[in-house]
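Asks:
Residue numbers (our numbering): 18 to 456.
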């Protein structure tokens, strides 16, 4: 059996392991192990040498240190009360409108996403703050949970984003430019969700109650409480873009800044600090194990020649670049219902990126890579709220046991429709994504 045949045969085996509930990192690692073993003629010494070199090469990468720093930043941000101040500020300006408390939850998720690069952390944290208020003002259970699940996805779209860091490392792109490119699509996502809420409450008037408007003095006072978020976001993202420090240094500054805010707010003691470090370590270990499995499997695919074969095959068929891009995005939408976002990125980008890079979209290779990265990020984000395995849906459901999952499924499809419409707009008009990118 040729190496190419081995590479193609590994796909169904990997999917079967995933569907049998094997951890995705372990599934990719075992497929990579077996692939290298048979490709090298059954020589175990080559396999062991590869394991040693691949592990060292991956985890000695300076760029990967950005991940635990952004995770720690999110841990401190959760403890410091920033989520509560963001929601109160958004609620004071939007809460009196039709569906305004739900809109405020989305706005607060967008703000919290600017200092927390995790979708699941954003969804879980904002749910603790917003769910009681949504119940208090008569919002239906399914509508409330769907809103928070959708709002949580802004955590990986609004920079800084752990998923974008992984994509940048895989494709060797500039992290600062990817963060900048995600900014306008992130704002579009928040506005799109708010418009979706407005449409939903007009279609289902009984799904949302009302609350009285607050005086302007109270609104401005609530807004002033959000200054730590603005300062940290401006310092981290602005400092990276202006070249004051590297993305890795920026992540460390962000973690230190949020830690200082948590300390000054009185919510950070030794016990909480220890729990934050342990939580960061556990999440980092999970991510790094998936990264190792994906690296081993993707190196085997490169050895087998599958990515290059697929790129050459697509080119020789004469398919339109836009058709190929559409098929890839549809693939992400479908498989996003079954796999988590990090695994999807690590498994598929090494295969699809060479195909997209070989096609002519009328842009520079760097712009194509950045544009494709943002599109992938968005469609992967949709998978977080798409039944049956949308991770955000399960996070929110675990925090609101009274609401049947079927009600959340029904309401969240309105937000999925908003996401799909946004993807179509960004595909048709790449300049929206690339507007802030120099050159």
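Ideal Cβ placement from N, Cα and C applies to all residues, glycine included. The model shown is predicted, which means the values in this text are computed figures rather than measured ones.
(1) What does the alpha-carbon distance come out to for the pair residue 400 and residue 319?
(2) Only counting the same chain, and skipping five residues up and downstream in sequence, which positions put a Cβ closer than 7 Å to that of residue 367?
(3) Could you check if residue 67 is buried or exposed, using at least 16 other CB atoms within 10 Å of its CB as the buried criterion?
(4) What's the gap between the Cα of residue 189 and the Cα of residue 78?
(5) Taking the Cβ atom as the reference point for each residue, do residue 258 and residue 193 lie within a distance shorter than 8 Å?
(6) Should residue 439 be labelled buried (16 or more other beta-carbon atoms within 10 Å of its own) or exposed?
(7) For the alpha helix (DSSP H) containing residue 262, name the first residue and the last one.
(8) Find the nearest neighbour of residue 83 within the set 304, 389, 446, judged by alpha-carbon distance.
(9) Does residue 120 come out as helix, strand or coil in the three-state DSSP assignment?
(10) Considering only residues of the same chain and omitting the five flanking positions on each side of residue 246, which have a CB-CB separation below 7 Å?
(11) With a 10 Å radius around its C-beta and 16 neighbouring C-beta atoms as the bar for buried, classify residue 460 as buried or exposed.
(12) How would you write the range of the alpha helix (DSSP H) that residue 160 sits in, first residue to last?
(13) Look at the alpha carbon of residue 41 and the alpha carbon of residue 307, and state the distance between them as a whole number of angstroms.
(14) Please work out which residues of its chain come closer than 8 Å, Cβ to Cβ, to residue 407, disregarding the five sequence neighbours upstream and downstream, and give them in chain order.
(15) Rank 260, 28, 33, 215 by C-alpha distance to the C-alpha of residue 116 and give the top, closest one.
(16) Kindly give me the distance between the Cβ atoms of residue 271 and residue 253, rounded to whole angstroms, as I take these residues to be in contact under 8 Å.
(17) Where residue 327 and residue 372 are concerned, what is the direct C-alpha to C-alpha distance, given to the nearest angstrom?
(18) Which of the three DSSP states, helix, strand or coil, is assigned to residue 41?
(19) Compute the Euclidean distance between the alpha carbons of residue 242 and residue 443, then round it to the nearest angstrom.
(20) Would residue 224 be called buried (16 or more neighbouring beta carbons within 10 Å of its own) or exposed?
(21) Assign residue 210 to one of two classes, buried (16 or more other C-beta atoms within 10 Å of its C-beta) or exposed (fewer than that).
(22) Could you name the residues of the same chain whose beta carbon sits closer than 6 Å to that of residue 43, not counting the 5 residues immediately before and after it, in chain order?
(23) Which same chain residues, not among the five before or five after residue 46, have their C-beta less than 6 Å away from its C-beta?
(24) Could you tell me the alpha carbon to alpha carbon distance between residue 230 and residue 409, rounded to whole angstroms?
(25) What residues in its chain sit with their C-beta under 6 Å from that of residue 24, if we drop five residues either side in the sequence?
(26) Less than 7 Å separating the Cβ of residue 67 from some heavy atom of the ligand FAD?
(27) From residue 173 to residue 147, what does the alpha carbon distance come to, in whole angstroms?
Replies: Looking at the coordinates:
(1) As a first step, residue 400 must be located in the chain shown, where it is residue number 383. As a first step, residue 319 must be located in the chain shown, where it is residue number 302. Roughly 27 Å separates the two Cα atoms.
(2) Locating residue 367 in the chain shown gives position 350, where the first residue counts as 1. Excluding residues within five positions, the ones whose Cβ falls inside 7 Å are 187, 315, 318, 324.
(3) Locating residue 67 in the chain shown gives position 50, counting from the first residue. When all chains shown are included, residue 67 counts as buried.
(4) By 1-based counting over the chain shown, the position of residue 189 is 172. By 1-based counting over the chain shown, the position of residue 78 is 61. So the alpha carbons of these two residues sit roughly 12 Å apart.
(5) Taking the first residue of the chain shown as 1, we reach residue 258 at position 241. Taking the first residue of the chain shown as 1, we reach residue 193 at position 176. In this structure, residue 193 lies closer than 8 Å to residue 258 by Cβ.
(6) Here residue 439 corresponds to residue number 422 of the chain shown, with the count starting at 1. Residue 439 is buried by the Cβ-count criterion.
(7) As a position in the chain shown, residue 262 is number 245, starting the count at 1. No alpha helix (DSSP H) contains residue 262, which DSSP labels as neither H nor E.
(8) To locate residue 83, count along the chain shown from 1; it is residue 66. Per the Cα distances, 304.
(9) Counted from its first residue, the chain shown places residue 120 at position 103. Of the three classes helix, strand and coil, the one that applies to residue 120 here is helix, per DSSP.
(10) Sequence index remark: in the chain shown, residue 246 carries index 229 (1-based). Take residue 246, set aside five residues on each side of it, and the residues of its chain with a beta-carbon closer than 7 Å to its own are 99, 103, 128, 131, 132, in chain order.
(11) Summary: the structure shown does not reach residue 460, with the chain confined to residues 18 through 456, and so no result is reported for it.
(12) Along the chain shown, read from residue 1 onward, the residue named residue 160 stands at position 143. First-last of the alpha helix (DSSP H) with residue 160: 158–169.
(13) Reading the chain shown from its first residue, position 24 is the one you call residue 41. Reading the chain shown from its first residue, position 290 is the one you call residue 307. Those two C-alpha atoms are separated by around 7 Å.
(14) What you label residue 407 is simply residue 390 of the chain shown in a count that begins at 1. Within the same chain, residue 407 has close Cβ partners 166, 354, 400, 401, 429.
(15) Residue numbering aside, residue 116 sits at position 99 when the chain shown is read from its first letter. Closest by alpha carbon: 215.
(16) One-based indexing of the chain shown puts residue 271 at position 254. One-based indexing of the chain shown puts residue 253 at position 236. Confirmed, about 4 Å.
(17) Counted from its first residue, the chain shown places residue 327 at position 310. Counted from its first residue, the chain shown places residue 372 at position 355. Approximately 7 Å between the Cα atoms of the pair.
(18) Numbered from 1 along the chain shown, position 24 holds the residue referred to as residue 41. Correct three-state label for residue 41: helix.
(19) Counted from its first residue, the chain shown places residue 242 at position 225. Counted from its first residue, the chain shown places residue 443 at position 426. Approximately 34 Å, taken between the alpha carbons.
(20) The count along the chain shown starts at 1 and reaches residue 224 at position 207. Buried, by the Cβ-count rule.
(21) Counted from its first residue, the chain shown places residue 210 at position 193. Buried.
(22) As a working mapping, residue 43 is identified with position 26 in the chain shown. The answer is none, since no qualifying residue turns up.
(23) Mapped onto the chain shown, residue 46 falls at position 29. The residues are 310, 313.
(24) The residue labelled residue 230 in the question sits at position 213 within the chain shown. The residue labelled residue 409 in the question sits at position 392 within the chain shown. Each residue's alpha carbon lies about 31 Å from the other.
(25) Here residue 24 refers to the residue found at position 7 when the chain shown is read from its first residue. Contacts found: 318, 321, 323.
(26) With respect to the ligand FAD, the structure offers nothing, as it holds no ligand at all.
(27) For the purposes of this step, residue 173 is taken as the residue at position 156 of the chain shown. For the purposes of this step, residue 147 is taken as the residue at position 130 of the chain shown. So the alpha carbons of these two residues sit roughly 19 Å apart.
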